[in-house]
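full-length UniProt numbering numbers the first residue of the sequence shown as 1 and each following residue consecutively. C-beta: ideal position from N, C-alpha, C; glycine also.
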Amino acid sequence: MGRAVTVATCALNQWALDFEGNLERIVRSIGIARSRGARYRLGPELEVCGYGCSDHYYESDTLLHSFQVLGKLLESPATQDIICDVGMPVLHRNVRYNCRVIFLNKKILLIRPKIALANAGNYRELRWFTPWSKARHVEEYFLPRIIQEVTGQETVPFGDAVLATKDTCLGAEMCEELWTPNSPHIEMGLDGVEIFTNSSGSHHVLRKAHTRVDLVNSATAKNGGIYILANQKGCDGDRLYYDGCAMISMNGETVAQGSQFSLDDVEVLVATLDLEDVRSYRAEISSRNLAASKVNPYPRVKVNFTLSCPDDVAVPTCVPIQWRYHSPEEEISLGPACWLWDYLRRSKQAGFLLPLSGGIDSSATACIVYSMCHQVCLAVKNGNADVLADARRIVHEETYIPEDPREFCKRVFTTCYMASENSSQDTCNRAKLLAEQIGSYHINLNIDVAVKAVVGIFSVVTGRTPRFSVHGGSSRESLALQNVQARIRMVLAYLFAQLSLWARGLPGGLLVLGSANVDESLRGYLTKYDCSSADINPIGGISKTDLKNFIQYCIENFQLTALRSIMSAPPTAELEPLVDGQVAQTDEADMGMTYAELSIYGKLRKIGKAGPYSMFCKLINMWKEICTPREVASKVKHFFRMYSVNRHKMTTLTPSYHAENYSPDDNRFDLRPFLYNTTWSWQFRCIDKQVNAL
Numbered sequence: 001m002g003r004a005v006t007v008a009t010c011a012l013n014q015w016a017l018d019f020e021g022n023l024e025r026i027v028r029s030i031g032i033a034r035s036r037g038a039r040y041r042l043g044p045e046l047e048v049c050g051y052g053c054s055d056h057y058y059e060s061d062t063l064l065h066s067f068q069v070l071g072k073l074l075e076s077p078a079t080q081d082i083i084c085d086v087g088m089p090v091l092h093r094n095v096r097y098n099c100r101v102i103f104l105n106k107k108i109l110l111i112r113p114k115i116a117l118a119n120a121g122n123y124r125e126l127r128w129f130t131p132w133s134k135a136r137h138v139e140e141y142f143l144p145r146i147i148q149e150v151t152g153q154e155t156v157p158f159g160d161a162v163l164a165t166k167d168t169c170l171g172a173e174m175c176e177e178l179w180t181p182n183s184p185h186i187e188m189g190l191d192g193v194e195i196f197t198n199s200s201g202s203h204h205v206l207r208k209a210h211t212r213v214d215l216v217n218s219a220t221a222k223n224g225g226i227y228i229l230a231n232q233k234g235c236d237g238d239r240l241y242y243d244g245c246a247m248i249s250m251n252g253e254t255v256a257q258g259s260q261f262s263l264d265d266v267e268v269l270v271a272t273l274d275l276e277d278v279r280s281y282r283a284e285i286s287s288r289n290l291a292a293s294k295v296n297p298y299p300r301v302k303v304n305f306t307l308s309c310p311d312d313v314a315v316p317t318c319v320p321i322q323w324r325y326h327s328p329e330e331e332i333s334l335g336p337a338c339w340l341w342d343y344l345r346r347s348k349q350a351g352f353l354l355p356l357s358g359g360i361d362s363s364a365t366a367c368i369v370y371s372m373c374h375q376v377c378l379a380v381k382n383g384n385a386d387v388l389a390d391a392r393r394i395v396h397e398e399t400y401i402p403e404d405p406r407e408f409c410k411r412v413f414t415t416c417y418m419a420s421e422n423s424s425q426d427t428c429n430r431a432k433l434l435a436e437q438i439g440s441y442h443i444n445l446n447i448d449v450a451v452k453a454v455v456g457i458f459s460v461v462t463g464r465t466p467r468f469s470v471h472g473g474s475s476r477e478s479l480a481l482q483n484v485q486a487r488i489r490m491v492l493a494y495l496f497a498q499l500s501l502w503a504r505g506l507p508g509g510l511l512v513l514g515s516a517n518v519d520e521s522l523r524g525y526l527t528k529y530d531c532s533s534a535d536i537n538p539i540g541g542i543s544k545t546d547l548k549n550f551i552q553y554c555i556e557n558f559q560l561t562a563l564r565s566i567m568s569a570p571p572t573a574e575l576e577p578l579v580d581g582q583v584a585q586t587d588e589a590d591m592g593m594t595y596a597e598l599s600i601y602g603k604l605r606k607i608g609k610a611g612p613y614s615m616f617c618k619l620i621n622m623w624k625e626i627c628t629p630r631e632v633a634s635k636v637k638h639f640f641r642m643y644s645v646n647r648h649k650m651t652t653l654t655p656s657y658h659a660e661n662y663s664p665d666d667n668r669f670d671l672r673p674f675l676y677n678t679t680w681s682w683q684f685r686c687i688d689k690q691v692n693a694l
């Protein structure tokens, strides 16, 4: 009897509709798995076409090209003598399904459609696919001619079945099915399935990794078994960063852990495990065995193949390990940095440009780019040929080797301090010192000439000259003058992004980085079409509180001492006149709330699903030691007024790295109106009644 089975899972940096690149990475992963002795290889969800195809799933081309790739895989020598489990869309009886196609030696064994589709938050699978609702039911699937010519098969099993090899039994789950209350692995395990597989397209959210790991380990803790999880990694073409974390677990304990953040396009995890450990673990769980005796059996597809070797008594097997989690600060340092690298190399641009104000947000963005440069140099040092080739193409130098993060930063990162008469010397100095320490190419410029020209046009046309509040003007005048400065900075950022390399005699253009955090976006504390408008924003899904902690992390880990003065300075937009040469304007005074309060409002609004009245009811208990009910009511009303007045700004929000579950991203995550009745008359009246009663 075979005991030791060797299985492989992987994390692949697939790209939506990049069929050629996706094929190459799949073949490479299978080759690595085979070379390490694996007899089964699992890949990420929809790896053939890339997970993020969105409405391209409607196109027949996507289906056609996926089958063309499948044909190449079936024919490849790399896929022989190993069970290959790949993900792709399949049209069955004119219905689109998200499927696993499992094959061995040029024969398709089973096409397994997804049963539970992800349809919350960032996911819209029900828009493109239909869940397979026929439990334990298998139908005939008629293969396209291009596949028939390779396999010699006319039809193959399609549906909810498991694979029975000569030595064990395997059952497939797909991403969301692990997260559902009645996961398929429960009854599959009761029916004798010993190896569970899960192909995922799971994205990074701060502090989420432990949830995924706990779910995988708990899947086999009560029922016994081996659980193998594969995941997408990298930027697939949108706001999400898929964070790898491929893993293998047995009997409730992790035995192999993949990296969460890495620039490796292909990462393969291989483990050898003893099936007798699963069988003995299950033997003493009497409640499990009683339930198993009554379970409705799954259809079994018999496979004349083994995952083990006949003489495997002396084969060493894997032992449990302790999962190593990143701190939130490490996650911010690594996740957005990897996302930026993917965006930079795949957009074929020459680098980034960042308006660097000397404040926390733009400084945190600069530190993430610096972290990216660190990751690139480390990957090259570790022999990553893909990263080296990308770096050489970006800097347009065929023999270049990135070894020093500061030197590489100088080549790919331009920072720009855009001073006005309202800017302080302190922020100018902070920006300059930080640029020196990270190595960016730094530009100092003054926007006053442009501001006066724009305001001058208005004065010529209307005969009126607006003034700041401190000079006797109204709040309308003051706000308009602040917005002119902010918007001119955006125009100049794009001008310098397009032409600054040209002026230096270098090829290419730069991507403009935004640096508005998630809390400012939620409150609408930004000028529409100012420097928050950019190509991409690596911190748009991160809270101010987390960014402050990240800045402290950078001080300690990157020795960026310039950040100390940035940390200690109060956040300010520097758009109003200075008073005695000092900044008088601060963000929290302008907003009428603190950043800490904003984070709480954001989590209650989005994660807690709280409207004004429910938020008030929750906060009178949360804040009972520091606020009266009337003060809580005033704070809640002010937040909802400002949120609703400014919600229209979310429709033009720069694509941002998704890192928080209370993101106000209007694209697809946080779907709300952008024209509100901002009086909230009924809701606020309910609050007032409760305040009076209290």
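Nearest neighbour of A534 by Cα position, chosen from L275, T654 and D670, turns out to be T654. Of all C-beta pairs linking the region 336–353 to the region 280–298, fewer than three are shorter than 8 Å, placing the two stretches out of contact. Beta-carbon to beta-carbon, A493 and C531 are separated by about 6 Å, close enough to satisfy the 8 Å threshold. In the structure shown, the three-state DSSP call for M593 is coil. S308 is bridged by DSSP to V5. Here DSSP, grouped into helix, strand and coil, assigns S66 to helix.
The three-state reading of DSSP puts H374 in helix, counting H, G and I together. Going by beta carbons, H203 and N122 fall inside the 8 Å limit. The alpha carbon of R564 has as its nearest neighbour, out of D519, G439, L522 and L433, the alpha carbon of L433. When secondary structure is reduced to three states using DSSP, Q257 falls in the strand class. Taking all protein chains shown into account, E47 has 16 or more neighbouring C-beta atoms within 10 Å of its C-beta and is therefore buried. In the structure shown, the three-state DSSP call for R464 is coil. Boundaries of the beta strand (DSSP E) around N444: Y441 to N446.
Taking C-beta atoms as the reference points, R668 and R124 count as a pair closer than 8 Å.
Only residues of its own chain outside the window of five on either side were considered, and among them L190 have a CB closer than 6 Å to the CB of A292, listed in chain order. In the displayed model, I146 falls within a helix according to three-state DSSP. For V369, the closest of T527, D666 and P405 by C-alpha to C-alpha distance is P405. Membership of D214 in the alpha helix (DSSP H) is indicated by the continuous run A209 to A221. D160 and C10 have their C-alpha atoms roughly 23 Å apart. In this chain, the beta strand (DSSP E) harbouring K233 covers I226 to C235. Judged by DSSP secondary structure, T545 falls within the alpha helix (DSSP H) whose first and last residues are K544 to N557. Contact between G71 and I146 holds, since their C-beta atoms are separated by about 5 Å, short of 8 Å.
Within the region 359–422, the complete alpha helix (DSSP H) segments at least 4 residues long are 360–381, 385–395 and 405–412, listed from N- to C-terminus. One thing to note: D274 has its Cβ no nearer than 8 Å to the Cβ of T197. Here the alpha carbon of P336 sits roughly 12 Å from the alpha carbon of F550. The three-state secondary structure of C627, taken from DSSP, is coil. Per the C-alpha coordinates, the member of C627, V5, K689 and L206 positioned closest to A314 is V5. Take Y400, set aside five residues on each side of it, and the residues of its chain with a beta-carbon closer than 7 Å to its own are A391 and R392, in chain order. Listed as beta-bridge partners of G171 by DSSP are F196. In this structure, the straight-line span from the alpha carbon of E154 to that of Y51 is close to 28 Å.
By the CB criterion at 8 Å, D519 and K544 fall inside the cutoff. Rounded to the nearest whole angstrom, the CA to CA distance from L269 to Q148 is 32 Å.
The C-beta of V412 has 16 or more other C-beta atoms within 10 Å across all chains shown, which makes the residue buried. By the Cβ-count criterion, Q559 is exposed, with fewer than 16 other Cβ atoms from all chains shown falling within 10 Å of its own Cβ. Residue state for C428 is assigned as helix, using DSSP reduced to three classes. Per DSSP, D85 is one residue of the beta strand (DSSP E) stretching across I83 to H92.
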